[in-house]
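Numbering (UniProt numbering), first residue to last: 12 to 530.
For every residue, glycine included, the Cβ atom is placed at its ideal position computed from N, Cα and C.
To keep things clear, I will list the structure first and then write my remarks on it.
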Ligand code: XMP
């Protein structure tokens, strides 16, 4: 396993992802992690990330001596390299000029990290630079083996100690051979085995879950989303009937969604799932409310109430054995985010939005088998566990569901119309291959009536909007440039097949300033 020390670079998470992709387990901790945890971790190698600071700043983060005392290989990237140079008495030059973007290094020396990688282009390697300071004098014992015109020490190595410094960022895809380089570091230099594969992860997790849970009962809020679905499949494999899932149908789900969840888990896999039909409860609670944030609060609170009732029923019904565990689909990016905001002082969990705030009489110990996994790893696990591809690669769906896609007051009549329109849109996206090319797509119900003409008659009916976006991180998004023919097919089908709709529009707003959802 590899220990990654985070000095705050925007790319730090990518280092962890590349190492995992190379089949090696790693964890990332803030630079001020306790020395005792460094010693306990059992690292076979350490990677020091980049960071925004300068080693010349008074309070800039230093490298904990304990990392060197581990006597394992260390790879410093950007700030990590500069801090390492500083630590060993090299010289780092502060500079006002940023070098940012694509660059090409010339490799002039030999190292296990680079040999052969750069060969094809006359010892040149295309890399991604992003730094202000640079090392201008390598410390004693280090050889300089690559440079660019503006950065004379782009790579420095101490092969005896197995210490390596890279001024560029191997973790970003713009560094074309960056994945090979990181893979060499973890495999050849650190001698880690490539055992971090979905099947191995499943075997390990199943063992851990059996240990943790014993013969106790576990409760899981199953939403049908990727994370809770994978948790359900994993727990079912580990503890079978000791798992009870509660699936809350809030009446704001997509067409046939509840049936599909029941089919996959209850019918096909034999998981114990209690389906709570709570449509009336949600719609009654929402009646008369048009404000988006108020609707979100109502839906969240109603969910807790319904889930808590179901949890009490399960507790009483489980053959006298109390339910002691609550499983959650917390994943690694949540954990990293919450650790960051506490500056490494505590490793706190961000409560999953689905089950935060349960009443006091329901106290459970948490089971979080995905806590150290990235989303793409969770997906691979889901596939290896036999969950349907469609479920695992489905677009994200917000917790409040159609509640925020029906503008203003939510009514069953509106939800039924929206479900049909949305299903038609999804069918056509899938048929045309555009579902996978968009990150999120859905229909929106607008409580606006518009005039249309059907045969000889006039139709005064609702307006449906279509939304499709391309995005990686959901923080910014561009509206998807769907082909006109596709939009035409979808709009014709919606107006022909749903009598209550007289008009369809396509949303051409990007985020920012618009958001992805309409509410
Ligand atoms: P916005 O609309 O903020 O959406 O651009 C960004 C992403 O977040 C999802 N989203 C939500 N997810 N509860 C959720 O679980 C919510 O209240 C919520 N609001 C937005 C949205 O679907 C998109 O993927």
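Original post:
Sorry if obvious, but does the Cβ on residue 522 come closer than 8 angstroms to a heavy atom of ligand 1?
Top reply: yes
**OP:** Per DSSP, which residues does residue 143 bridge with? Please list them.
**Re:** Its beta-bridge partners do not exist; DSSP assigns none.
Original post:
Say the cut is 8 angstroms; is the CB of residue 405 nearer than that to a heavy atom of ligand 1?
Top reply: no
Original post:
DSSP three-state call for residue 36: helix, strand or coil?
Top reply: coil
Subject >> Burial state of residue 439, where buried means 16 or more other Cβ atoms lie within 10 Å >> reply: buried
Original post:
Hey, which unbroken runs of the alpha helix (DSSP H) at 4 residues or more fall wholly within the region 375-413?
Top reply: 386-395, 400-403
**OP:** Assign residue 283 to one of three DSSP states: helix, strand, or coil.
**Re:** strand
Original post:
How is residue 158 classed by DSSP in three states: helix, strand or coil?
Top reply: strand
Original post:
Since residue 193 contacts residue 202 with CB under 8 angstroms, what's their CB separation in whole angstroms?
Top reply: Not confirmed; about 15 angstroms, so no contact.
Subject >> Whole-angstrom C-beta distance between residue 339 and residue 290, which should lie under 8 angstroms >> reply: Going by Cβ atoms, the distance from residue 290 to residue 339 rounds to 25 angstroms, so no, they are not a contact pair.
Subject >> Other residues of its chain near residue 459: CB distance less than 6 angstroms, five sequence neighbours each side excluded >> reply: 474
Original post:
DSSP state of residue 175, grouped into three classes?
Top reply: strand
**OP:** Could you check how far apart the C-beta atoms of residue 237 and residue 478 are, in whole angstroms? I think they sit under 8 angstroms.
**Re:** That belief does not hold up - the Cβ atoms of residue 237 and residue 478 are roughly 21 angstroms apart, past 8 angstroms.
**OP:** Return the CA-CA distance between residue 126 and residue 118, expressed in angstroms with no decimal places.
**Re:** 9 angstroms
Subject >> Host beta strand (DSSP E) of residue 111 (start-end) >> reply: 110-118
Original post:
Would you call the region 422-431 and the region 506-515 in contact, with 3 or more CB pairs under 8 angstroms?
Top reply: yes
Original post:
In whole angstroms, what is the alpha-carbon distance linking residue 36 and residue 483?
Top reply: 24 angstroms
Subject >> Span separating the alpha-carbon of residue 171 from that of residue 199 >> reply: 14 angstroms
Subject >> For residue 20, three-class secondary structure by DSSP >> reply: coil
Original post:
At a cut-off of 8 angstroms, is residue 315 close to ligand 1 when judged by its beta-carbon and the heavy atoms of the ligand?
Top reply: no
**OP:** Return yes when the C-beta of residue 457 is under 8 angstroms from any heavy atom of ligand 1, and no when it is not.
**Re:** no
Original post:
Looking at residue 309 and ligand 1, is the gap between the Cβ and the nearest heavy atom below 8 angstroms?
Top reply: no
**OP:** Name the one or two DSSP bridge partners that residue 460 has.
**Re:** 473
Original post:
Taking just the CA atoms, how far does residue 209 sit from residue 57?
Top reply: 23 angstroms
**OP:** Would you check if the distance between the CB atom of residue 54 and the CB atom of residue 81 is smaller than 9 angstroms?
**Re:** yes
**OP:** Tell me whether residue 85 counts as near ligand 1, meaning its Cβ is closer than 8 angstroms to at least one heavy atom of that ligand.
**Re:** no
Original post:
Is residue 433 helix, strand or coil by DSSP?
Top reply: helix
Original post:
Is residue 527 near ligand 1, going by C-beta to nearest heavy atom under 8 angstroms?
Top reply: yes
Original post:
Between the C-alpha atoms of residue 376 and residue 347, what's the straight-line distance to the nearest angstrom?
Top reply: 21 angstroms
Original post:
With respect to the alpha helix (DSSP H) encompassing residue 514, which residues constitute its N-terminal and C-terminal limits?
Top reply: First-last for residue 514: 512-517, but that is the beta strand (DSSP E), not the alpha helix (DSSP H).
Original post:
Under the rule that 16 or more other beta-carbon atoms within 10 Å means buried, what is residue 354, buried or exposed?
Top reply: Residue confidence is low: residue 354 scores 46 on pLDDT, short of 50, so the model does not pin down where it sits. Its coordinate-derived value is still stated next. Label assigned to residue 354: exposed.
Original post:
If you drop the 5 nearest sequence neighbours on each side, which residues of the same chain put their C-beta closer than 6 angstroms to that of residue 91?
Top reply: 59, 60
Original post:
At which residues does the alpha helix (DSSP H) containing residue 338 begin and terminate?
Top reply: Premise fails: residue 338 lies in the beta strand (DSSP E), 334-338, not in any alpha helix (DSSP H).
Subject >> Cβ-Cβ distance between residue 234 and residue 463 below 9 angstroms >> reply: no
Subject >> For residue 288, the residue or residues it bridges with in DSSP >> reply: 260
Original post:
Which whole-angstrom value describes the C-beta separation of residue 230 and residue 305, a residue pair presumed to lie in contact below a C-beta threshold of 8 angstroms?
Top reply: That belief does not hold up - the Cβ atoms of residue 230 and residue 305 are roughly 29 angstroms apart, past 8 angstroms.
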